[in-house]
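Read left to right, the sequence shown gives residues 1112 to 1414 (the numbering used here).
The block underneath contains the structure these notes are about, expressed in structure tokens.
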Amino acid sequence: RRPAGAPDKALARPIGKVGVIGAGLMASQFALLFVRRLRVPVVITDLDQARVDKGVAYIHGEIKTLQDKGRISSDEANRLRALVTGTTDKADFAGADWVIEAVFEELGVKQEVFAEIEKHISPTAILATNTSSLSVEQIGAKLEHPERLVGFHFFNPVAVMPLIEVVNTPATDEVTLATAMVIAAKLRKNAVITRDTPGFVVNRVLAKLLGEAMHAVDTGTPFEVVNGALSPFGLPMTPFELLELVGLKVGAHVLDTHHAAFPDRFFESTNLHRLAEHGTILDRNAKGQVTGFNKGAQKIVAG
Ligand code: 3HC
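Laid out in structure tokens, this is it:
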């Protein structure tokens, strides 16, 4: 077995084309980072054309913002736009050297997505998953080549958060790990190699914070009191803002996964599932600034 430390970067495979599966918020954000920092063609796919178009439109919007802020020239903006292709045909992933997914957080869905993509890519292509808290090893269990799968966990907002958790499973081989570390460096992120445990490192800690905050609400403390108590602690966002940032469904899923793995240490929250169905906890103005707690959300937690 390879040593637990950093892999030999000389083993990393060169990346000439990237495939992104999923065109939601996380996937679109990191697709942009791949085009910007690796300067290679990036193909992005999802279940249907509308989802693909939405992802590509997001990327184009962010490229325009970078141009408006003077961070990139108009030539550079055109070059970046030309490198992004949306598709619903997985055959367009042929030739990709690095394929990363950020689809719905369900084990079966992720296994299927990779089984399907494996038919279209070369045996030397590396696969990565952005899963928040599923087992990376289980995601790869149905692959013909599970040794080429690694966890590559970004944080929202991708453009700003400096960390990537590179999840090393017992099946991941050294070439895969080395490639992931080299890519993270090219994306100008700090990478840490984590074990394939529920929530890796960051979500394990976040699940504690968010779970305790939701538990306080679930047991009768009003949103405003939890918020008011935690705001002066120097967190960049309160737990409820953070839950909305990661997505209420994703947040509920992260709490469920931790509760299932460590029932004596983590809470699950039925209210958070109800709030996810409702869609929001906070009210915001047109600029997206928080103006207060949503009445419907307050009604839900009041029972
Ligand atoms: N996309 C791109 N850029 C963004 C952005 C976004 N969604 N949100 C903010 N930014 C950029 C702004 O454009 C600005 O860039 P500029 O300086 O070039 O103009 C910069 O970030 C700072 O933005 P603001 O001035 O609006 O800043 P704030 O000081 O309020 O910081 C924040 C915003 C960085 C998002 C800060 O509130 C923060 O760090 N929040 C916590 C985020 C966090 O913990 N994320 C991890 C969530 S867990 C996760 O993702 C894992 C998953 O598995 C659950």
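The C-beta atom is built at its ideal place from N, Cα and C for all residues, glycine as well.
Since the structure is predicted, the reported quantities are computational estimates derived from the model, not experimental observations.
Is any heavy atom in the ligand 3HC found nearer than 7 Å to the beta carbon of residue i?
i	result
N1382	no
If distances are taken between C-alpha atoms only, which option among the options comes closest to residue i?
i	options	result
E1323	L1274, A1282 and G1362	G1362
V1221	G1262, S1185, T1290 and L1191	Rather than Val, the amino acid found at residue 1221 in this sequence is Lys. Of the candidates G1262, S1185, T1290 and L1191, the one whose C-alpha sits nearest the C-alpha of K1221 is G1262.
V1406	H1370, A1296, P1333 and D1203	It is Lys, not Val, that sits at residue 1406 in the sequence shown. For the residues H1370, A1296, P1333 and D1203, the minimum Cα distance to K1406 belongs to P1333.
E1355	T1391, K1297, H1364 and H1384	T1391
E1388	A1207, L1359 and K1297	L1359
L1298	F1145, T1402 and S1246	F1145
S1246	N1338, T1305, K1319 and R1192	T1305
H1256	A1226, F1266 and F1265	A1226
G1166	P1350, T1199 and K1410	T1199
M1348	D1208, P1268, H1384 and A1161	P1268
L1260	R1395, D1307 and F1377	D1307
Q1084	K1319, E1352 and E1229	Look at the range of the chain in this structure, 1112 to 1414, and you will see that residue 1084 is not part of it.
A1408	R1385, R1376 and S1185	R1385
A1318	P1350, G1331 and P1343	P1350
L1383	L1158, H1364 and R1190	H1364
T1330	S1342, L1341, V1303 and E1379	E1379
L1136	L1158, Q1160, A1161 and Y1169	Y1169
G1219	V1303, A1161, I1250 and K1230	I1250
N1338	Q1160, A1397, R1182 and F1404	F1404
V1316	D1179, Q1178, H1370 and T1283	H1370
D1203	D1179, E1229 and T1176	E1229
What distance in whole Å lies between the Cβ atoms of residue j and residue i, which are believed to be in contact at a cut-off of 8 Å?
i	j	result
V1151	L1194	7 Å
N1301	P1273	5 Å
K1201	T1156	7 Å
G1214	G1133	As written in the sequence, residue 1214 is Val, which differs from the Gly given in the question. Sure, about 4 Å apart at Cβ, within 8 Å.
L1366	L1321	7 Å
V1224	G1197	Wrong, their Cβ atoms sit about 17 Å apart, outside the cutoff.
H1171	R1148	Rounded, the Cβ-Cβ distance is 18 Å, inconsistent with contact.
M1292	K1120	6 Å
Answer yes or no: do residue i and residue j have a C-beta to C-beta separation smaller than 8 Å?
i	j	result
I1232	A1252	no
S1244	T1381	no
L1143	E1187	no
E1335	L1122	no
I1126	I1294	yes
V1412	V1357	no
E1212	T1240	yes
P1281	A1372	no
L1238	V1210	yes
T1287	E1248	no
F1141	F1265	yes
A1071	V1271	What is shown of the chain runs 1112 to 1414, which leaves residue 1071 out entirely.
P1118	A1289	yes
T1242	E1216	yes
Does the distance between the C-beta of residue i and the nearest non-hydrogen atom of the ligand FAD fall short of 7 Å?
i	result
P1309	Because the ligand FAD does not appear in the structure shown, any question about it cannot be addressed here, the ligands present being the ligand 3HC.
| message | Just to be sure I understand the criterion: a residue counts if its Cβ is closer than 5 Å to at least one heavy atom of the ligand 3HC. Which residues meet that? | response | S1243, F1266, N1267, P1268, A1270, V1271, P1347, M1348 and V1357
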